[in-house]
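Asker: As they're listed, the protein sequences go chains A and B. Per the numbering used here, the very first residue in the first sequence carries number 1; after that it's consecutive. Per the numbering used here, the very first residue in the second sequence carries number 1001; after that it's consecutive. Below is the structure I would like to discuss, written out as structure tokens.
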Amino acid sequence: MKIEKIIQLLDAKIVCGSHRISDDISNAFSSDLMSDVLTLDAENMLLITGLANVQIIRTAEVAEIHHLVIVRNKKVSEDIVELANELNMILIESPYSMFKASGILYANGLNPLY
Amino acid sequence: MIELRFILEGGDFDRAGTASSETKKILKQLNIDPRVIKHTVVALYEAEVNIAAHAYRGEVTITVSDHQIVAVLKDEGPGIADIKRAMLEGFSTASPKVREMGFGAGMGLPNMKKNADVLEVESTPGSGTTVKMIFDF
Chain A
1 MKIEKIIQLL DAKIVCGSHR ISDDISNAFS SDLMSDVLTL DAENMLLITG LANVQIIRTA
61 EVAEIHHLVI VRNKKVSEDI VELANELNMI LIESPYSMFK ASGILYANGL NPLY
Chain B
1001 MIELRFILEG GDFDRAGTAS SETKKILKQL NIDPRVIKHT VVALYEAEVN IAAHAYRGEV
1061 TITVSDHQIV AVLKDEGPGI ADIKRAMLEG FSTASPKVRE MGFGAGMGLP NMKKNADVLE
1121 VESTPGSGTT VKMIFDF
């Protein structure tokens, strides 16, 4: 699924990394627990999270994740945006809850990681 | 042989992960297998988060030789009273603040063990902990 479509489905907006808008993603994982994200053996997936701290970017960096959706209308700070930009990631903010965002994407064909 | 050294501060969650980030850049420049890089930086990041969460300060030394990466994280802190118990998935003594950051679920040490070829943990309660990890390639 193209990031463009994800943005449209989640009524979301891009915070940074708009050059990745045409990237194609096939799997997603929803979690507020970065420890869980760090145990995944997958690359190039979409991370859906309700956290908006710098550790989501650090976790994504070491886990080779470049596409993140921040749900529940959480706002990321300037330094987080700067770091995400530096690491070539796209950050998207959605007003939806994690359950709603995950449900919509799943119903539209985005696959779970497992 | 290349040696990298980083100083970590306990409680500093803004900077936790910077040693892993720098290490990742250098391992990439050395053209090391991306799978080995991922295992190394995931385990290193878990260890960095542990120091930020539990210790007062720490020092990380990464040595890259022809066929392996050795990471040694030595901290000054409360130490681990029962290492066997700390290795169990789900066992955690992390504070609510650490949990709010998305950690503290008792998965750090088990995940370090999963990613490293060798994991050695030595600890003196009241003094500190030393973690050594080896990644072969």
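Just so you know, even glycine gets a beta-carbon here, dropped at the ideal spot from N, CA and C. Since this is a predicted model, take the numbers as computed values, not measurements.
With distances taken from CA atoms, which of V1036(B), D1014(B), G1128(B) is nearest N55(A)?
Answerer: The sequence given here has Gln at residue 55(A), not Asn. Nearest C-alpha to Q55(A): D1014(B).
Asker: Identify, in the order they occur along the chain, each residue of the same chain with its Cβ nearer than 6 Å to the Cβ of I1051(B), setting aside the five sequence neighbours on each side.
Answerer: L1008, G1058, D1075
Asker: Quick one: which chain B residues come within Cβ less than 7 Å of G54(A)?
Answerer: One detail in the question is off: residue 54(A) reads as Val in this sequence, not Gly. Correct list: D1014.
Asker: Quick check on K1132(B): does DSSP put it in helix, strand or coil?
Answerer: strand
Asker: Leaving out the 5 sequence neighbours to the left and right, which residues in its chain are closer than 6 Å to R1005(B) when beta-carbon positions are compared?
Answerer: T1061
Asker: Leaving out five residues before and five after S26(A) in sequence, what residues of the same chain have Cβ atoms less than 6 Å from its Cβ?
Answerer: N111
Asker: Does the stretch 35-45 of chain A come close enough to the stretch 1104-1113 of chain B that 3 or more CB-CB pairs lie under 8 Å?
Answerer: Counting Cβ pairs under 8 Å, three or more are found: they touch.
Asker: Any beta carbon from chain A within less than 8 Å of A1105(B)'s own beta carbon?
Answerer: With 8 Å as the cut-off, A1105(B) counts as an interface residue toward chain A.
Asker: Is the beta carbon of V15(A) less than 8 Å from the beta carbon of L46(A)?
Answerer: V15(A) places its beta carbon 8 Å or farther from that of L46(A).
Asker: Measuring straight from C-alpha to C-alpha, what distance separates G1090(B) and D41(A)?
Answerer: 19 Å
Asker: Rounded to whole angstroms, what is the Cα-Cα separation between S1021(B) and A107(A)?
Answerer: 36 Å
Asker: Are T1124(B) and G1079(B) close, meaning C-beta to C-beta below 8 Å?
Answerer: yes
Asker: What span of residues does the alpha helix (DSSP H) with K1114(B) cover, start to end?
Answerer: 1108-1115
Asker: How many angstroms separate the CA atom of G109(A) from the CA atom of G1126(B)?
Answerer: 53 Å
Asker: Given that G1090(B) touches chain A, what residues does it touch there, using C-beta distances under 7 Å?
Answerer: Per Cβ cutoff of 7 Å: no residues; G1090(B) is ~10 Å from chain A at best.
Asker: Closest to A52(A) by C-alpha separation, out of R20(A), L83(A), A28(A), would be which residue?
Answerer: Its Cα nearest to that of A52(A), the residue L83(A) stands out among R20(A), L83(A), A28(A).
Asker: From what residue to what residue does the beta strand (DSSP E) around T1018(B) run?
Answerer: No beta strand (DSSP E) contains T1018(B), which is instead part of the alpha helix (DSSP H) from 1018-1029.
Asker: Output the boundary residues of the alpha helix (DSSP H) element that contains R58(A).
Answerer: 54-62
Asker: Taking the C-alpha atoms as reference points, what is the distance between G103(A) and L87(A)?
Answerer: 28 Å
Asker: Pick out whichever of F29(A), S31(A), V71(A) has its Cα sitting closest to the Cα of L91(A).
Answerer: V71(A)
Asker: Suppose contacts are defined by Cβ-Cβ distances below 8 Å. Is I48(A) in contact with M98(A) by that definition?
Answerer: yes
Asker: Expressed to the nearest angstrom, what Euclidean distance is found between the alpha-carbon atoms of M1042(B) and H67(A)?
Answerer: Note on identity: in this sequence residue 1042(B) is Val, with Met being the wrong assignment. Near 18 Å, if we compare the C-alpha coordinates of H67(A) and V1042(B).
Asker: Going by DSSP, what residues sit across from S1123(B) in a beta bridge?
Answerer: Beta-bridge annotation (DSSP): S1123(B) is paired with T1129(B).
Asker: What did DSSP end up calling D35(A) once you bin it into helix, strand or coil?
Answerer: For clarity, residue 35(A) is Ser in the given sequence; the question names Asp instead. In this structure, S35(A) counts as helix in the three-state DSSP scheme.
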